[in-house]
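Participant: Have a look at this one.
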Amino acid sequence: MKKYTLLCVGLCAAMAFTSCKSSESAYKKAYEKAKQYDTATQQIAPQTGEAVVAPVEAKPATETRVVDNLDNVSVRQESVSLVSGQGLSAYSVVVGSFGLLSNAEGLQQRLKDAGYNAQIVKNNDRNMYRVVATTYASKGDAVASRDQLRSTYPDAWLLYNAQ
């Protein structure tokens, strides 16, 4: 009885494997179709050996405009109080922020030695001392100064005094 059961299971397995189609034929058909497409496009291309290049149309530049896009310049607005210096205008370039006043005074002295009118302000909300290298009434002048200072102080940023 076991022999017959084993024989039936073997025949069923053989029939199951022979009835399944291999997916290899589908891959072979796709490969042959792509090959036919390749040969067809090669026959259409010119036989001169040169690639087909579309002509380039050169349009002369009519005008060049320089637009100062000051609206996209990020400015932090903080309420600060003057600790050391002569006073702030509306826009200031901050080159350092410190939790200790002595560290801020050290950077202020270095800036003064370099010829800047450096000042120290305190942000009471965050308990941080900001070292201001330059201060201007207009945003454009402050942006130009910040860009110049970024060669030495890469993290320089603009502060708008909210007072």
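When you line the sequence shown up against full-length UniProt numbering, it's residues 1 to 163, in that order.
Quick reminder that beta carbons are idealized off the backbone N, C-alpha and C, glycines included.
#1: Does the beta-carbon distance from S84 to Q108 come in below 8 Å?
#2: Please return the same chain residues whose Cβ sits closer than 6 Å to the Cβ of Y136, not counting the five positions on each side in sequence.
#3: For the segment 75-104, which segments carrying the beta strand (DSSP E) assignment without a break, of at least 3 residues, lie completely within its bounds, in sequence order?
#4: Work out the CA separation of K28 and T64 for me, nearest whole Å.
#5: Contact check, V95 vs V121 under 8 Å by CB: the rounded distance?
#6: Express the C-alpha separation of A26 and V67 in angstroms, rounding to a whole number.
#7: DSSP on N161, reduced to helix/strand/coil?
#8: Please classify Q36 as buried or exposed, where buried requires at least 16 other C-beta atoms within 10 Å of its C-beta.
#9: Name, in chain order, the residues that DSSP records as bridge partners for L135.
#10: To which residues of the same chain is L101 closer than 6 Å at the C-beta, ignoring the five residues directly before and after it?
#11: Could you give the residue range of the beta strand (DSSP E) that holds N124?
#12: Smallest Cα separation from V132: which of N117, E32, D38, Y4?
#13: Quick check on N161: buried or exposed, where buried means 16 or more other Cβ atoms within 10 Å of its Cβ?
Facilitator: Let's see:
#1: Position 84 of the sequence shown holds residue 84. Position 108 of the sequence shown holds residue 108. Contact flag set, yes.
#2: Position 136 of the sequence shown, counted from the start, is the residue given in the question as residue 136. For Y136, where only same-chain residues beyond five positions count, the Cβ hits under 6 Å are S89, Y91, A142.
#3: 75-78, 80-84, 91-98
#4: Working through the sequence shown from its first residue, we reach residue 64 at position 64. Working through the sequence shown from its first residue, we reach residue 28 at position 28. In this prediction, T64 has a pLDDT of 49, which is less than 50 and means its spatial position is unreliable; what the coordinates show is noted afterwards. Cα-Cα distance, rounded: 58 Å.
#5: Here residue 95 refers to the residue found at position 95 of the sequence shown. Here residue 121 refers to the residue found at position 121 of the sequence shown. So it is not a contact: roughly 12 Å between Cβ atoms.
#6: As a working note, residue 67 is residue 67 in the sequence shown. As a working note, residue 26 is residue 26 in the sequence shown. Because the pLDDT at V67 is just 46, under 50, the model does not fix this residue reliably, and the value given afterwards should be weighed accordingly. Those two C-alpha atoms are separated by around 59 Å.
#7: As a first step, residue 161 must be located in the sequence shown, where it is residue number 161. Note: N161 maps to strand in three-state DSSP.
#8: The residue you call residue 36 lines up with position 36 of the sequence shown. Exposed: under 16 other Cβ atoms inside 10 Å.
#9: As a working mapping, residue 135 is identified with position 135 in the sequence shown. Correcting the residue identity first, residue 135 is Thr in this sequence and not Leu. Answer is S92.
#10: By one-based count along the sequence shown, residue 101 stands at place 101. Excluding positions up to five away in sequence, the list reads Y129.
#11: Counting from one through the sequence shown, the residue named residue 124 turns up at place 124. Premise fails: N124 is in no beta strand (DSSP E) and is neither H nor E.
#12: Locating residue 132 in the sequence shown gives position 132, where the first residue counts as 1. Nearest of N117, E32, D38, Y4 to V132, Cα basis: N117.
#13: Taking the first residue of the sequence shown as 1, we reach residue 161 at position 161. Buried, since its Cβ has 16 or more Cβ neighbours within 10 Å.
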